[in-house]
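In the working numbering, the protein residues as written are 4 to 358.
Every residue gets a Cβ at the ideal spot worked out from N, C-alpha and C, and that includes glycine.
Quick caveat, the model's predicted, so the values are computed rather than measured.
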């Protein structure tokens, strides 16, 4: 954090900003919420605001505005990731820097064909030759869509022109090395391009990538897990995000988060990882959720919040008929989770609850 380490400072900041946007919480704005401890025992206290301040400091010191991942090497992709965090957490800082960021990105980090260079040396100004196939060209579009959607769309269209021919993927443009484990596999590249396609609303490219994944790296199920044997964990995670995303999904999350999330019914506590939430969604009258568990011998306690204070709720799919939300809109629900367990609660009138 102290000096030019955007892959740590920036990536952590982006994860915190995404967590805040997705949950409506502000946990990482609290003092000491990101406490680092050296093996010697020395402690370093940070939080999201101080990480953003560190990124801003490094940007002001960099003649390129963009910050190095490790001293010397500046990757445009990494900087597009942290830009989304700065914009979400401290828009005033982003607004002060965005014109310089845009100018540097377009003047210093693109080749003569209009593509992003992989990285550039801050000491010598030299850029590495194009590596990684089209994956490092596609992924910045995903993150840039939250801060500079015009550049995101332009870069996507440039990349798309190289990627498609006669409605098919040009396979030699797909990087044959999985960046999650550095083994020979195009799974990570397919997943990454599909992720960017989902954000840009390009259904054709997304489906072509998913079809290639299923054909060349078919998934298997061993009774408990479904996975692709030749794909890294990183490739699985990116594919999951791609399948979960929709057009402008990341952009909306970072720029227009649902600030009323905490006011809606939600699960605020459970015994993890004994209970694994697969799905949870607030409804007009309550909450619907799907849980999994490896321990079926006892009821699991779920803490609920965001309920209507002093109200009764009808329960379906659990071993109790109703529950009562206290004056703070909180309640405990006990669920015997046996494999896939779905339950729903819905509000009822006080009179019905009393009956």
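Determine the direct distance from the alpha carbon of residue 97 to that of residue 145, and round the result to whole angstroms.
18 angstroms
Would you list the residues sitting across from residue 283 in a DSSP beta bridge?
292
For the pair the segment 98-114 and the segment 144-161, tell me if three or more CB-CB distances fall below 8 angstroms.
yes
Using C-beta distances below 6 angstroms, list every residue in its chain close to residue 208, excluding the 5 sequence neighbours before and after it, in chain order.
200
In terms of alpha-carbon separation, which member of 275, 213, 310, 41 lies closest to residue 269?
310
Is it true that the CB of residue 351 sits closer than 8 angstroms to the CB of residue 315?
yes
Going by C-alpha to C-alpha distance, which of 278, 267, 304, 296 sits closest to residue 289?
267
Within a Cβ cutoff of 6 angstroms, which residues of the same chain sit near residue 344, ignoring the five residues on either side of it in sequence?
294
Any idea what DSSP makes of residue 335, helix, strand or coil?
strand
Apart from the five residues just before and just after residue 192, which ones in its own chain have a Cβ nearer than 7 angstroms to its Cβ?
136, 138, 177, 178
How about residue 134 and residue 58: are their beta carbons less than 8 angstroms apart?
no
With DSSP as the reference, label residue 149 as helix, strand or coil.
coil
So the candidates are 210, 159, 187, 68; which of them puts its Cα closest to the Cα of residue 194?
210
Could you tell me the distance, in whole angstroms, from the CA atom of residue 121 to the CA atom of residue 325?
57 angstroms
Along the chain, where does the alpha helix (DSSP H) containing residue 89 start, and where does it finish?
79-92
Excluding the 5 residues preceding and the 5 following residue 182 in the sequence, name in chain order all residues of the same chain whose CB lies nearer than 6 angstroms to its CB.
191
Residues bridged to residue 39 [DSSP beta-bridge criterion]
47
Shorter than 7 angstroms, the distance from the beta carbon of residue 286 to the closest heavy atom of the ligand COA, or not?
Because no ligand of any kind appears in the structure shown, any question about the ligand COA cannot be addressed here.
Residue of 21, 276, 236 minimising C-alpha distance to residue 303
276
Going by DSSP in three states, residue 203 sits in which element: helix, strand or coil?
helix
Can you tell me whether residue 314 is helix, strand or coil according to DSSP?
strand
Classify residue 175 as buried or exposed, calling it buried when 16 or more other Cβ atoms lie within 10 Å of its own Cβ.
exposed
Cβ neighbours of residue 20 in the same chain (closer than 8 angstroms, five flanking residues each side left out)
51, 87, 88, 91, 92, 257
In this structure, does DSSP put residue 130 in helix, strand or coil?
strand
Spatial neighbours of residue 22 in its chain, beta-carbon cut-off 8 angstroms, leaving aside the 5 residues before and after:
28, 30, 31
Taking just the CA atoms, how far does residue 253 sit from residue 170?
27 angstroms
Can you find the residues in the same chain that come closer than 7 angstroms, C-beta to C-beta, to residue 233, ignoring five residues on each side of it along the sequence?
188, 190, 220
Here's a check: name, in chain order, each residue in its chain whose Cβ is nearer than 8 angstroms to the Cβ of residue 322, leaving out the five neighbours to either side.
302, 337, 338, 339
Using a threshold of 8 angstroms, state whether the C-beta atoms of residue 198 and residue 149 are closer than that.
no
Test item: CB-CB of residue 272 and residue 296 under 8 angstroms
no
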